[in-house]
Amino acid sequence: MSFIVPNWPVPNKVKAISSTRAGGFSTGAYQGLNLGKHVGDEDSIVESNRAALSELANFPSAPVWLNQTHSTRVVKVNQPTQQVLDADGVFSDNANIVCSAMTADCLPVLLTNTQGTQVAAVHAGWRGLAGSIVENAVKMFDGEVMAWLGPAIGSTAFEVGDDVLQAFIDFDANAIKGFHSLKKEGKEGKWLANMELIATQRLNRLGVTGVYASGLCTYRQPQDFYSYRRDGVTGRQASFIWLAD
Numbered sequence: 152m153s154f155i156v157p158n159w160p161v162p163n164k165v166k167a168i169s170s171t172r173a174g175g176f177s178t179g180a181y182q183g184l185n186l187g188k189h190v191g192d193e194d195s196i197v198e199s200n201r202a203a204l205s206e207l208a209n210f211p212s213a214p215v216w217l218n219q220t221h222s223t224r225v226v227k228v229n230q231p232t233q234q235v236l237d238a239d240g241v242f243s244d245n246a247n248i249v250c251s252a253m254t255a256d257c258l259p260v261l262l263t264n265t266q267g268t269q270v271a272a273v274h275a276g277w278r279g280l281a282g283s284i285v286e287n288a289v290k291m292f293d294g295e296v297m298a299w300l301g302p303a304i305g306s307t308a309f310e311v312g313d314d315v316l317q318a319f320i321d322f323d324a325n326a327i328k329g330f331h332s333l334k335k336e337g338k339e340g341k342w343l344a345n346m347e348l349i350a351t352q353r354l355n356r357l358g359v360t361g362v363y364a365s366g367l368c369t370y371r372q373p374q375d376f377y378s379y380r381r382d383g384v385t386g387r388q389a390s391f392i393w394l395a396d
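Numbering-wise (my numbering), the sequence shown opens with residue 152 and increments by one.
Written out as structure tokens, the structure is:
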């Protein structure tokens, strides 16, 4: 089993990791460390995967899990809970609350303020990103905010249509810089979308200049990550952030 530790200059009490599919007990289409209970894997196996990761990562409490629906809802959590919350982002300013965002191509965004007193984890698919979930999360913070963008489908693999392009340029014309036309490849109305760049643009507009990206592509690295776009039936990895006391 292995996980990624974000490389960003945060206060020592801000802890964060992003899981991979390496290790774990899941088999078949979910081979590895599947953390998603909603994808068809056996609940007992997913629980074993979650427990193994929690032990290895030394989580101070069980993660706060979300029922993610590509919404723009971010919830504030003050204490550990076993309830699965209906949201696509979770924020906390209390110690030992492990915020999580599950992904399998969508962009996980981890946030903290530079004082190290507030953190959040956001699941940013293109719908949520276009709909301002990042903005909804950032406005919950006090002071200067930093962001880490975790493993997601990369700019050479995320093919989208005109509708996705339009959703972003309607908000900010500069978003066109995050899209590469496939017209020359004979794909009229198709584009390659760079989620890292688009998310960075949105964050920069909010005054978040400290944006750090993993640069890892879930689609192109099948040994390391689950990818819904690549495999259809597949597992989920997750990104986590919390404040140590």
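The beta carbon of each residue, even a glycine, is placed where N, CA and C say it ideally should be.
If you're wondering where the values come from, they're calculated on a predicted model, not measured in any experiment.
Check your understanding: In three-state terms, what does DSSP make of Ser-243?
Key -> In the sequence shown, residue 243 corresponds to position 92, counting from 1. In the structure shown, Ser-243 sits in a strand (DSSP, three-state: E or B).
Review point. Is the distance from the Cβ of Val-215 to the Cβ of Leu-236 below 8 Å?
Key: Within the sequence shown, residue 215 is the residue found at index 64, counting from 1. Within the sequence shown, residue 236 is the residue found at index 85, counting from 1. Result yes, Cβ atoms of Val-215 and Leu-236 sit closer than 8 Å.
Practice item. Measure the alpha-carbon distance for Asn-229 versus Asn-245 and round it to whole angstroms. Key: As a first step, residue 229 is located in the sequence shown; it is residue number 78 there, counting from the start. As a first step, residue 245 is located in the sequence shown; it is residue number 94 there, counting from the start. Each residue's alpha carbon lies about 6 Å from the other.
Review point. Given 8 Å as the limit, is there contact between the stretch 252 to 271 and the stretch 323 to 343, that is, 3 or more CB pairs closer than that?
Key: no
Point to revise | Candidates Tyr-379, Phe-319, Tyr-363: closest to Leu-261 by CA position | key: Looking up residue 261 in the sequence shown gives position 110. The residue with the shortest Cα to Cα distance from Leu-261 is Tyr-363.
Exercise for review: Check each candidate in Gly-305, Ser-251, Thr-265, Gly-294 and name the one with the smallest Cα separation from Gln-219.
Suggested key: Residue 219 sits at position 68 when you count from the first residue of the sequence shown. Selected option, being the one with the closest Cα: Ser-251.
Review point. What's the gap between the Cα of Gln-269 and the Cα of Asn-209?
Key: For the purposes of this step, residue 269 is taken as the residue at position 118 of the sequence shown. For the purposes of this step, residue 209 is taken as the residue at position 58 of the sequence shown. The straight-line gap from Cα to Cα measures roughly 20 Å.
**Study point:** Reduced DSSP secondary structure (H/G/I, E/B, other) of Val-315
**Key:** Start at 1 with the first residue of the sequence shown, and residue 315 comes out as number 164. Here Val-315 sits in helix by DSSP.
Review point. In this structure, does DSSP put Thr-254 in helix, strand or coil?
Key: As a first step, residue 254 is located in the sequence shown; it is residue number 103 there, counting from the start. Looking at Thr-254 - three-state DSSP - the assignment turns out to be strand.
Check your understanding: Quick check: the stretch 360 to 379 against the stretch 332 to 342, are there 3 or more CB pairs under 8 Å?
Key -> no
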